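Going by the UniProt record's numbering, the sequence shown opens with residue 1, and the numbers climb by one from there.
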Amino acid sequence: MLILKREVIAVAGGASGLGLAIAETYAMRGVSVAVLDIKDPADDGGYVRWDEFPSLEYYKCDMSSKNEVEEVVKKIVKDLGRPTVFVNCVATAINGLPLLFLSDQAIETTIKTNILSHFHALKAFLPGMLSSRIGGTIVTVSSVLGHITAAGLSDYAASKAAVTAVHRTVDAEIRVLGASKKIKTILVETGQIATPLFEGLETPNSFWAPVLEPVQVAREIISMIDSGNGGVIRMPAYATFLGVYAMLPASIERLARYLSGVDSAVAKATISAAAENREHAAVSLSTSSSEDSDDDGSDN
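Pasting the structure below:
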């Protein structure tokens, strides 16, 4: 069981979405919480109510930078104490483009943000937990997309598959070290969550694959952390059948993908976003031309 008065919770990617829900919940309970994020809380236009939570501290950090992560962790230890729970919610927004249309920069950004951040963070947080008498909990937020890939998400899906693999490997290494009793690991693999990461993407089937609210997922994660147990959290219901999906014959898998609409969902979102961008560009061009015309008239 978690003893709140001695805990220090570190949440990477905690300035918005799922990470924010977790950070705020623990801060409301008076737990010391460190939020690590490259995003400035002020950018949310006041949505992040930091003043309401005196036990919550923000640390600006690019989690894809090894040096920044190491320096920020040192600062957290100095300010709040050694973290006993680390939750990694870091992820970059989806690009939603077929592989052949992805720029090298876009691929590199996804890999750095979604994968390297986990390596840097684990190497920075785990040693302190291993050397501590009370141990700690590592929470990795991955995605069902690491198992069920979708057209237009090659970089994102690959990164999430890697994140899951890193988590499972570290969990095995903790057991080999004989530290599994004091270091618990929690792997979170969810479907689409209503966060800015998936902005513009509509679920292909709201019945079978409902969009999850951050607070729903946060509630499950917090419950498992508080229990002092480790394990795997999969949401919504279809995510619990990932093992069965992996064993389906190729023909049945293709039929399931077609019926679910998973491969067309991202394409629709991308086309919609492109159309919206073109519309904005046309409006801007029209406005600019009108202003130029007015200027010409006033000079005559």
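We put the beta carbon where it would ideally sit given N, CA and C, even for glycine.
The structure displayed is predicted, hence computed values, not measured ones.
Residue burial classification, residue i (beta-carbon count within 10 angstroms, cutoff 16)
{"i": "V69", "result": "buried"}
{"i": "K184", "result": "buried"}
{"i": "G13", "result": "buried"}
{"i": "E7", "result": "buried"}
{"i": "N114", "result": "buried"}
{"i": "I9", "result": "buried"}
{"i": "R234", "result": "buried"}
{"i": "V33", "result": "buried"}
{"i": "V11", "result": "buried"}
{"i": "K177", "result": "The residue asked about is misnamed: residue 177 is Leu in this sequence, not Lys. It is exposed - the Cβ of L177 has fewer than 16 other Cβ atoms within 10 Å."}
For residue i, the nearest candidate out of the options (CA to CA)
{"i": "K160", "options": "V170, A151 and H147", "result": "H147"}
{"i": "A121", "options": "D51, A165, N88 and L18", "result": "N88"}
{"i": "P127", "options": "I225, Q192 and E173", "result": "E173"}
{"i": "S180", "options": "V72, A34 and G228", "result": "G228"}
{"i": "H167", "options": "S117, G17, E71 and S64", "result": "S117"}
{"i": "V77", "options": "S132, S65 and V215", "result": "S132"}
{"i": "A165", "options": "V73, T140, A151 and L177", "result": "T140"}
{"i": "residue 347", "options": "A124, A15 and E220", "result": "The structure shown does not extend to residue 347, since the chain is modelled only from 1 through 300, so no value can be given for it."}
{"i": "residue 325", "options": "D37, Q216 and D51", "result": "This structure cannot speak to residue 325, because the chain is shown only from 1 to 300."}
{"i": "F101", "options": "G152, C61 and L130", "result": "G152"}
{"i": "S64", "options": "T109, K5, D40 and S142", "result": "T109"}
{"i": "L20", "options": "G178, V35, G135 and L177", "result": "V35"}
{"i": "T137", "options": "K39, I222, L18 and I193", "result": "I222"}
{"i": "S103", "options": "K5, D155, E220 and M224", "result": "D155"}
{"i": "V163", "options": "M224, L145, E213 and K39", "result": "L145"}
{"i": "A214", "options": "G231, G191 and A239", "result": "The residue asked about is misnamed: residue 214 is Pro in this sequence, not Ala. The candidate whose alpha carbon is nearest that of P214 is G191."}
{"i": "I3", "options": "L18, R29, G17 and A15", "result": "R29"}
According to DSSP, residues forming a beta bridge with residue i
{"i": "V33", "result": "I9 and L56"}
{"i": "I115", "result": "None; I115 has no bridge partner."}
{"i": "T110", "result": "Paired residue(s): none; T110 is not in a bridge."}
Next item on the list: Count the CB pairs spanning the region 97-105 and the region 79-88 that are closer than 8 Å, and state whether there are at least three.
Entry: Because the criterion of three Cβ pairs below 8 Å is not met, the region 97-105 and the region 79-88 do not touch.
Next item on the list: Check whether the region 52-69 touches the region 8-25, counting contact only when three or more Cβ pairs, one atom from each stretch, lie closer than 8 Å.
Entry: With a cut-off of 8 Å, the region 8-25 and the region 52-69 count as touching, because enough Cβ pairs lie within range.
Next item on the list: With a floor of 4 residues, list each alpha helix (DSSP H) that falls wholly inside the region 126-184, ordered by position along the chain.
Entry: List check, alpha helix (DSSP H) in window: 154-176.
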